Every structure is written in structure tokens, then in C-alpha cells.
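S.K.: One structure is given below, represented as C-alpha cells, and several questions about it will come after.
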Amino acid sequence: MSVRMRKTSHSTKIGKIKKVYCQNFVTYGECVFHPTEYLNVVIGPNGTGKSTLVSAIVLGLGGDPKILARSSSIGDYVKNGCESARVAVEVYGQGEDTTNFQRSFDLNGKSQFSINNQTVTQRKFLESVDNFKIQVGNLCQFLPQDRVQDFAKMNPQEILLNTINSVCSPDVINNFQKLKDLRHSQENKKSEYKDLKQKLDSTLARVEELKDQLQRYNARKDIQDKLGVCMAKKLRLEIEDIQNKISDLENDLGLANERFAAHEQEYQNIIKKQSMIDSTTDKLKKEIEEKERNLKIAEGRKSQIIIKIEMLKNKINEEKSKFEKRKRDSNERQKELKHEIKMLQAYAQDLQILNNDEMSEANGEKLIRECDYKMEQIKQTMKRLEQDRSNIQNKLDENISETQSLNSRRGSLENINEQKMRFLRSKFPDVYEAIKWIDENADIFEGRVYKPAYIELTVIDEKHAKYLENIIKIRDLLAFSCESAADLSVLATELCSKKKLEVSICHAPPPSESSFTPKVPIEEIRRYGFESYLINLVNGPRAVLGCLCSLYNLQNIPYGSDYVNNCTDKIPHDIRSYFGGNNHCTLTISKYGKKQASLMQRAISSKGLLCSRNDSEINAIKSRLYELQRKTDYLRNQRNEIEVQIRAQQVLYEEASKVKKEIQGKKMEIKRKMIQIERQRSKIETLKKDVVVTPAIEMEFKKICDEAVRDIFKLQAERIEILKVIEKAMEDKAFAINKFGIFRLENDEIVNIISATKEKRDEAKNRVEIINNKCSNLKRDVKQKLSESLKYTNQMEPTHTQFPHRLFYNSLTNSLEELRDKISDLSGRLDCMDNVDAEIVREYDTKSHEVEALQRELEANLHGDENYLCEIKQIYDAWHPVVMQVVTTINDHFGQFMESMGYVGEVKLACKEEHDFESYGIEILVQYRKNVPLQALNRHVQSGGERAVAIAVYTMSMQHITHVPFRCVDEINQGMDARNERKIFEMLVDETTKSGNAQYFFVTPKLLPKLKTNERMAVHVVFNGRMVQSKNAFSII
């Protein structure tokens, strides 16, 4: 609901808000807000969306969500269940024109900006908003609900900056920043000048120190140069001596070369003669080798003939052995044939005995059929007994399987803690590791250390576990408890710091009995369906229960049946939380108005965390196990009786089988004897065929021996011929060897002559090489000494006209002895001088240049400082009067407003010194009590209500000089007493409704009765919630 008295001309409307539109924004699905031109009072209960309108203005004009101090992400302002939101703020322009600023954003925080339905960039959007002098981030213009205390926290410098941004032109703001930048640059220049001056002084001092060292260095350098010239002269004289030696050696080298050439010619002649003898010797060697090869071939043929003869002799011996063996084999076969005939007769006699037995073949078949029939009857009986045993065994297996399953279930039910530990190990490994560590180190604690409530507590009835699971958070169920504070510190150090485990630890001192006493006795509320309180549902250590009672008030939360849900209106308001069946009810009482109560219900379900021991199920399992044991014993007795019957039948079956086998054995024996007789007859026939007559074997043996003897005679004749060839070859070889010996003696004499000649030649050659090496060494010495001489004279010839010490060089003696004395004298003088670093010269030149450069920089710095002073004075003269006028105006109105309320107030521009622009600030001084001096506004000195009064008065004091089109304060009257709130509101109405003043938004959840009104103010009452039917909840009347 809105109240509007009258309208004004468009000349004072530029930048003021005409309309605010929200879509899917926070709690609003869609709404339109039409503020008036001057004072707009927005009122409504908490939670209806007053501050949401303020947020819509800030975000709709491009503000950052951080300004509102509620959420840093704009996506959090999208209504629940929606994907995106849209905010539009329409402001007045020139004449009848308006500008529509629109911002759309989604859950991910992505924003789109448009001006008059034209999409623009964020930068252009903010520039357009700034053109209307709108500063949503300035607390002097825009003070959201959650930023009221931030205004009191601002220091004087921040208040000054926000004030001039709100009420001064951009030139004043820019000049202030320029002054701070210039002052900062000036301070840097002063510091730079001081550093330069200090550096110049130190450099000059160093130059003076270097002058004395430079003089000593030059004197030492002169001696060093003269010593170098002397060394060069000495080396030149030594070079002349060496060159004379080289000339003598070159003459000796010529004579040595002539001698070497003569010996070389003699040596080559003897080598040619030796070469001819070597050629003849080689031919004789080849002839001897050829003779040896022929001899070896003949020896080889002789060996082959001997081998063949031996082979033929061996063949005769082998044939003789074969003949004798065949003769023995024939005799043995005849003996074997007689033996086999006797065996055949014995087999025939055994078969006759078997056939004469009383058991005929027909009688045997009859006995076998009788045995088969008896065995079949026994098999049927055994099959029936085994089927009965199998059925009984199946029943036993079923009983055993069910027994094992029931025992496993009973063990699981009886060991709840083991189940809980397995759960912790899989879901919360850090908690599991901490429990294991406490079990191993329990002796290090002073008092009792409790494991998590999840382990320590036992729910009496498992169906009630859902109530505790929906009240106690899992973090507290898994928290460790210590009765001693010292143990708490030890446990935190060991588990969290050292072992890096993420666990919760709390202090749980032994509780008093009152900790478990409910505010309302259960007898008073049983009639509403309640059974008991949650604290009575669980057993556990008193310290752990006391800790949970202090955290969750378990002793005051009752539970009951579904009937509780029908009596919610009758339950006392002292009970704020309770359970009815599967519903959790929470009662909330408003702090405003008539303290209305609102009830919230939600359905709950079991989470399966706090399981308990089920004794009824365990007893049922034990009863069933007893029945199964009795049934199993009965079945086992039946199975044993059947097994006795099966063993008896097996004995009968084995006896019948034995009789049958004896009958079949006799039949098989007759068949086997008949087969043996047949085989024996076949064997006798084979032996008769293999018997050979002896005369035939003898004839064949004689024939083979005759052929072998004839072959031996032929080979002996060949052997005689080969022996003759071998004798001739041995004679030829001996002749060639004698001839080779003669030539070898001649060659030995030549070798001795060659050795002597070669020795003379090598001696001459070595003489040549020695002289050459001496010449080379001397020439190398000349080159090296010349190089050293040039180093001493800086690579210049001493006689060159440009050489600086040429005259000194020419004045030196040509005697090496006198020159060495001169060098010794100069070296002694050099040793007596101090050694000065050669870097002195370079450092002296560098420091001299540095002095000149520093002097130039100091002159330039002094000139620059004068320029800074002139520029600062020029800007300061333009900036300071304007700021002083603003502060004076604000101070006048601030003092008047505070005086009208019976207080004292002052606003002043403060600074440490005139040009210390960083220290410039606005101090707000107030006095709320007599006999107390003026004190700066500070959250540590004044109360919240007193600070709110000063902030409200200060913002109204800026109304007379404002350059912003509107201001907004959200719940600034919170904390004020009734008198101050009324005074502030009256001043607010008077100041904000004056013609030409800025638009003003005053947001509050409440107003005092009988407040002052004005025709230029509008009161907007916000109604928002489930019962609002209209889309446009803010229609203006």
C-alpha cells in the first residue's frame, strides 16, 4: 500500500527513480514498485522483502553484490526453483524522458545489461549510471541494512572521501586525488634528493682517498716499465748469442749429411745382393717341399694297402666267428624244440584234469544266474536304503544351513559395536583411526575419554532411533568427548596436529542432575499423545548424554504417536520441538507485534545410524536353534540305523559276488589252458623251420675265406711297388736339403756384412737428427725470447720511434753482466714499494664521472621540487575553499539538528599538517550526556542507537548540498529509543520534503504511532508471502 500527496515539476526529477521492477528475484515472483519524488517510507514485517527492494535498486543500477554484505555471488539472488532473474530500474531524465536500466542474471552469476531495451556492455552501463550522479557504493548515498555498522567503522579519511564523492563535483574529487598524488611525488623527490646528497658526499670522500693511492701507483708503474725495458734488452742480447750458435750448428749439419749419404749407398748395394741369394733359397725351399709332398703321398698309399690287408684278415676272422656261432645256435634250437614238446604234453594233461571236474559248463551257467539274481535283489534294497539316507541327509543339510545362518545373525545382533566400527572404517576412516589410537593409548589421559556418541550410545528401542537421528547432527554423533580439559588439549594435539585426522573433539564435564530434568513434566502432556522425552530413549555415559542435552536440549523434546499431530494447537508453547509419529514439529514465535506462533512440520524417516540390540529377535533365534538341534539329533539317529542296514546288505552282496567270481575263474582257467596249448603248438612248428643242417654252413664259410685270401695276395704285390717309389723320393729329398744348406751359409755371411753397414748408416743418421734437434731448440728459444721481449715493450720494437722508452733502451749497456746488475737494482727498488691494485685507476675515473653526474641530478631535483610546490599551491587554493564550504555547511546543519534533539554535535575537517593530504578527513564529534566532552563517533564509545542517531543526522545534513538524485537508508532506526526515533523521523520529514531536495528511501520494519507527516511523503507497506494473490503487490494509490 502506498500513500502519495502531490507531484512536482520534472525540473528536479533528473536521476530520481520512477519505477523498480523485479522478476524471480529473491522472494518475489514478479512485482512493480513506484516510489514518489521525495520521501518514501517502506515498512513491513521482517522477512516480507523490504530490503529485497533495496537490493533490487543496487543490483539493477549495476552495483556489486558485495555492497549488500549478504552474498558475494549475484546468482544467490535468483528465486528458489528458477533459473534466472531480472531487475529493472527506471529513472527520470530531461523533461518527460526516462531511462530504463535493466539487468538479467542466472544461477551461475552471469549478467546481461541493457539500457532502454538495448543490450550494452557492463562498462557502458556503469558509465550511463554515473552520468546521473548515482553512486550505489557510496555509504553517504546508499546505506543498506547490513552496512549500517560499516558507516560507524569508517575512519575520518573514508568519511571525507565518501562525502565529497556524494556532494561535490568531479573536479573537486579529481583535485583531491591530484593533491595526494603530487604530495606523494614530492615526498619521493625529497627522499631522492637526500639519497643523492648522501651519495655525492660519500663519492667525493672516496675520490680524495684514491688520489694518494694513484700517485703511488704511477711511481710503481714507472719502475715496472723500466724493469720491463731492461728485461727486453737482456732478451735481445741472449737472442744474438743463440743465433751465433745456430750458425755453427748448421755447418756441422752439412758435414753430417754427406757422411750419411755415403753409408746409405753402401748399405743399398749389399741389400741387392742379399735379395738375389734369398730368391735362390726360396726356389730350393719349394723343391724340398715338393719332394716331401710326393713322399707323403707314397706313404699314404702304403698305409691304405696295409689297412685293406688288415680288413680282409678281420673279415676272415669274423666269418669264422659267425660260422661257429651258427653251429652253436643250431644245437640249442634242437634242444629247445625237445623242451617245448614236453611242455605241450603237460598242458594237454592239465586240460584233461579240468574237463573231468564235476562242474560242467551248463551247471556253471546256472550257478552264475542264481548269483546274479541274488545280487540284483540286494542292489534294489541298498538303493532304497540310500535314497532314504539321502532324504534324511538333505533335511540335515537344511537344518545345518539354517542353524549357521541363525548363529551368524545372533552374533551380528549381539555385537552392535563391531557393526558400527565396520561402518566407520568404510565411511569415516579418520574417526575409525582415532578410535583405534585411543584404545592403544588410553593410559596417557587423566580422566575419562569417550568415543563418539555413535559408539557409546545404545538406543533402547530400535524403532525410536529415527527421532535421535533427525535431531543430532552426524558431526556431533562422531565427536569425541573428554571429561578433562587437559585431556582435550592432548587429544587435539595427537589426533589433529600430529596424525592430521579430521575429527571433532568436545569438552564433556560430568553433568548435574538438572541437566536431564525437562521443563514440562511428561505427565502434563501425556494427554496429547506424548510417551516420553528423547533423553529416555538412549543409554550411555552421563557425560556424553549431558553434552548432547546441552547442544540439542534432548530432555525437553518429547515424542509420541500420530495422535500428537491432532493436538498441535493445545501443546504448550514452552515445547518448541517435538515428534508425533513420523512427523517433526517445530514451533517459532515472532519477536514483534503480538508474538504470533508459527508451526512447521516435516516428515522424517530412519537413517539406520543408531541401531540397537534386539533382544526379542535374539530370543526367537535361540528358541528356533533349540528346535533345530532336537530335529537334527532325531534325523541323525534315523540316518545311523539306515547305514547299519546298508552295511549288512553290502556283506551279503560281497558273498554272492565272491561265489560268482569263483565259478567264472574256473571257466576262464579252461579257456586259458586251451589258448596255451594252441600257442605251444605254433611255437614248436616255428622252431622246426629254424633248425639248419651243419654241412651247408661249412661250405658257405670256406667259399668266403677263399675269396679273401686271393685279395690279400694282390694287395701285397702293390705294397712292394709302393716301397720302391718311397725309397727314390727319400734320395731326391736328401740331395735338395744338402744344396739348400750351402746357400744358407752364404746368406749368413751377407747378413753379418749388412748388420755392420746398417750400424754405420744409423750412426750417421742419428748425428744428423741430433744437430737438427739442437738447431730447432735454439730457433724455438729465439722465437720465445723475442715474444717475451715484445711483451715487455707492449708488442713494439724498442727502436721504434713510437716506443715511449726508446731513449732509455738505447742508453742501456750491451754487456749481459752489467744489464743483469741493472735489473737486480730495479727489482730491489720495486720490492721496497707498496703493491697498489691496478683497479685504482679505473675506480678513480669512474668515481670522478659519478661526482659530475650526481651534481647534475641534485640541481635538477631542486628545480623539480619548486615546480611541485607551485602546482600543489595552485590546486590547493582551488580545492580547499570548496571542501571547507561543504564541511561548514554540513557542520551547521549537523549542529542544529543535534541541538534540536538536546545533544551537541560538530563536523570538522581535520589534518595533521596543511599539505599532508593523506591525513585529511572529516571527524564527527557528538555529546549525548552533559559534563562529557565532545567525542569522536566510535563503535567502542557510543551505543548502537547513539551511532544510528549520528549517522541519520549526518546523512540529512548533506541534503542541502547534495549532488545525488536519491539517498537510501535501510533500518537505520534500529536500536534508537522512542524519543530519538521520533525526533529523527520528524527531521527526516522536514528535510527530505523540501522542494528541490533529493529523493529519499527510508526502510524500517516498524514506526512509532502519531508520527509527523507531509504531503510530499509516501508510506509503502509491504505485504509479501504465500497469502498474497496479486502479482503487483506494490500498486500505488
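If you use our numbering, the sequence shown corresponds to residues 18 to 1054, in order. We put the CB at the ideal spot given by N, CA and C, even for glycine. Note that the structure is predicted; figures quoted are calculated from it, not measured.
#1: Between which two residues does the alpha helix (DSSP H) carrying residue 500 extend?
#2: With DSSP run on the structure shown, which of helix, strand or coil describes residue 693?
#3: Only counting the same chain, and skipping five residues up and downstream in sequence, which positions put a Cβ closer than 6 Å to that of residue 63?
#4: With 16 other CB atoms within 10 Å as the buried threshold, where does residue 1056 fall?
#5: Whose C-alpha, out of 417, 815 and 233, is nearest the C-alpha of residue 1092?
#6: Taking residue 540 as part of the alpha helix (DSSP H), name the residues at either end of that continuous run.
#7: Would you tell me roughly how many angstroms separate the C-alpha atoms of residue 997 and residue 198, rounded to the nearest one?
#8: Helix, strand or coil: how does DSSP classify residue 269 here?
#9: Considering just the uninterrupted stretch of the alpha helix (DSSP H) at residue 486, what are its terminal residues?
#10: Report back the beta-carbon spacing between residue 1017 and residue 1030 to the nearest angstrom; my notes put them in contact at under 8 Å.
#11: Compute the Euclidean distance between the alpha carbons of residue 255 and residue 846, then round it to the nearest angstrom.
#12: Here's a check: name, in chain order, each residue in its chain whose Cβ is nearer than 7 Å to the Cβ of residue 146, leaving out the five neighbours to either side.
#13: Roughly how many whole angstroms lie between the Cα atoms of residue 84 and residue 93?
#14: Give me whichever residues DSSP pairs with residue 109 in a beta bridge.
#15: Enumerate in chain order the residues of its own chain whose CB-to-CB distance from residue 91 is below 6 Å, with the five nearest sequence positions on each side excluded.
#16: Between residue 470 and residue 494, is the Cβ-Cβ spacing less than 9 Å?
#17: Below 8 Å on the Cβ atoms is my contact criterion, and I expect residue 475 with residue 537 to pass it. Report the Cβ-Cβ distance as a whole number of Å.
#18: Counting C-beta neighbours from all protein chains within 10 Å, is the total for residue 1037 16 or more, i.e. buried, or is it exposed?
#19: CB-CB under 7 Å to residue 803, same chain, minus the five flanking residues each way: which ones, in chain order?
#20: Please state whether DSSP places residue 1026 in a helix, a strand or coil.
#21: Closest to residue 597 by C-alpha separation, out of 590, 578 and 625, would be which residue?
#22: Of the choices 106, 604 and 131, whose alpha-carbon is the least far from that of residue 587?
#23: Kindly give me the distance between the Cβ atoms of residue 302 and residue 757, rounded to whole angstroms, as I take these residues to be in contact under 8 Å.
#24: Is the CB-CB distance between residue 966 and residue 1020 below 9 Å?
#25: Bridge partners of residue 944, per DSSP?
#26: Apart from the five residues on each side of it in sequence, which residues of its chain come closer than 6 Å, Cβ to Cβ, to residue 839?
#27: Could you tell me which of 315, 204 and 625 sits nearest to residue 889, measuring between CA atoms?
#28: Residue 239: which of 172, 821 and 917 sits nearest, CA to CA?
#29: Which one of 995, 923, 594 and 194 has the shortest CA to CA distance from residue 892?
#30: DSSP puts residue 1016 in a beta bridge; with which residues?
#31: Residues in the same chain with beta-carbon distance under 7 Å from residue 591, minus the five sequence neighbours each way, listed in chain order, please.
#32: Beta carbon of residue 1058, beta carbon of residue 974: below 9 Å?
#33: Between the Cα of residue 489 and those of 570, 412, 414 and 444, spot the shortest distance and give me the residue it belongs to.
#34: If I'm right that residue 70 touches residue 106 with Cβ under 8 Å, what's the distance once you round it to whole angstroms?
#35: May I have the straight-line CA-CA distance separating residue 436 from residue 512, to the nearest angstrom?
#36: Using a 10 Å radius around the Cβ and a threshold of 16 neighbouring Cβ atoms, would you call residue 201 buried or exposed?
M.R.: With the given structure in hand:
#1: To locate residue 500, count along the sequence shown from 1; it is residue 483. Here residue 500 belongs to no alpha helix (DSSP H), and DSSP marks it neither H nor E.
#2: As a first step, residue 693 is located in the sequence shown; it is residue number 676 there, counting from the start. If DSSP states are grouped into helix, strand and coil, residue 693 belongs with the helices.
#3: Position 46 of the sequence shown holds residue 63. Excluding sequence neighbours, residue 63 sits near 1022.
#4: Here the chain has residues from 18 to 1054 only, and residue 1056 is not among them.
#5: Only positions 18 to 1054 of the chain appear in this structure, which leaves residue 1092 out of reach.
#6: Reading the sequence shown from its first residue, position 523 is the one you call residue 540. For residue 540, the enclosing alpha helix (DSSP H) begins and ends at 539-542.
#7: Locating residue 997 in the sequence shown gives position 980, where the first residue counts as 1. Locating residue 198 in the sequence shown gives position 181, where the first residue counts as 1. Residue 997 and residue 198 have their C-alpha atoms spaced approximately 43 Å apart.
#8: To locate residue 269, count along the sequence shown from 1; it is residue 252. It is helical.
#9: Within the sequence shown, the letter at position 469 stands for residue 486. Looking at the DSSP string, the run of the alpha helix (DSSP H) that includes residue 486 is 482-486.
#10: Translated into positions along the sequence shown, residue 1017 becomes position 1000. Translated into positions along the sequence shown, residue 1030 becomes position 1013. With a contact defined as Cβ atoms closer than 8 Å, residue 1017 and residue 1030 miss out at about 14 Å.
#11: In the sequence shown, residue 255 corresponds to position 238, counting from 1. In the sequence shown, residue 846 corresponds to position 829, counting from 1. Distance between the alpha carbons of residue 255 and residue 846: 25 Å.
#12: For the purposes of this step, residue 146 is taken as residue 129 along the sequence shown, with counting starting at 1. Hits under 7 Å: 78, 79 and 118.
#13: Indexing the sequence shown from 1 puts residue 84 at position 67. Indexing the sequence shown from 1 puts residue 93 at position 76. If you draw a straight line from the Cα of residue 84 to the Cα of residue 93, it is about 14 Å long.
#14: Reading the sequence shown from its first residue, position 92 is the one you call residue 109. Beta-bridge analysis with DSSP links residue 109 to 115.
#15: Residue numbering aside, residue 91 sits at position 74 when the sequence shown is read from its first letter. Correct list, in chain order: 82, 122 and 126.
#16: Here residue 470 corresponds to residue number 453 of the sequence shown, with the count starting at 1. Here residue 494 corresponds to residue number 477 of the sequence shown, with the count starting at 1. For residue 470 and residue 494, yes; Cβs fall inside 9 Å.
#17: By one-based count along the sequence shown, residue 475 stands at place 458. By one-based count along the sequence shown, residue 537 stands at place 520. At roughly 26 Å, the Cβ-Cβ gap does not stay under 8 Å, so residue 475 and residue 537 are not in contact.
#18: What you label residue 1037 is simply residue 1020 of the sequence shown in a count that begins at 1. Label assigned to residue 1037: buried.
#19: Taking the first residue of the sequence shown as position 1, residue 803 is located at position 786. Excluding sequence neighbours, residue 803 sits near 256.
#20: Residue mapping note: residue 1026 aligns to position 1009 of the sequence shown, counting from 1. Residue state for residue 1026 is assigned as coil, using DSSP reduced to three classes.
#21: Residue numbering aside, residue 597 sits at position 580 when the sequence shown is read from its first letter. The shortest CA-to-CA distance from residue 597 to any of 590, 578 and 625 is the one to 578.
#22: Taking the first residue of the sequence shown as position 1, residue 587 is located at position 570. For residue 587, the nearest C-alpha among the options comes from 604.
#23: Within the sequence shown, numbered from 1, the residue matching residue 302 stands at position 285. Within the sequence shown, numbered from 1, the residue matching residue 757 stands at position 740. That pair is a contact at about 7 Å.
#24: Position 949 of the sequence shown holds residue 966. Position 1003 of the sequence shown holds residue 1020. Not in contact: residue 966 and residue 1020 (Cβ atoms no closer than 9 Å).
#25: To locate residue 944, count along the sequence shown from 1; it is residue 927. Partner(s): 921.
#26: Indexing the sequence shown from 1 puts residue 839 at position 822. Result list for residue 839: 247, in chain order.
#27: What you label residue 889 is simply residue 872 of the sequence shown in a count that begins at 1. Cα-wise, what sits closest to residue 889 is 204.
#28: Within the sequence shown, the letter at position 222 stands for residue 239. Closest by alpha carbon: 821.
#29: Locating residue 892 in the sequence shown gives position 875, where the first residue counts as 1. For residue 892, the nearest C-alpha among the options comes from 194.
#30: Along the sequence shown, one-based indexing puts residue 1016 at 999. Answer is 983, bridged to residue 1016.
#31: If you number the sequence shown from 1, residue 591 lands on position 574. Spatial neighbours of residue 591 in its own chain (CB-CB distance under 7 Å, excluding positions within 5 residues in sequence) are listed in chain order as 536 and 537.
#32: Residue 1058 lies beyond the stretch modelled for the chain, which goes from 18 to 1054, so this question has no answer here.
#33: Walking along the sequence shown from the start, residue 489 turns up at place 472. The shortest C-alpha to C-alpha distance from residue 489 to any of 570, 412, 414 and 444 is the one to 570.
#34: Taking the sequence shown and counting its residues from 1, the one referred to as residue 70 is at position 53. Taking the sequence shown and counting its residues from 1, the one referred to as residue 106 is at position 89. At roughly 11 Å, the Cβ-Cβ gap does not stay under 8 Å, so residue 70 and residue 106 are not in contact.
#35: For the purposes of this step, residue 436 is identified with residue 419 of the sequence shown, where counting begins at 1. For the purposes of this step, residue 512 is identified with residue 495 of the sequence shown, where counting begins at 1. Going by the C-alpha atoms only, they are around 23 Å apart.
#36: Locating residue 201 in the sequence shown gives position 184, where the first residue counts as 1. Exposed, by the Cβ-count rule.
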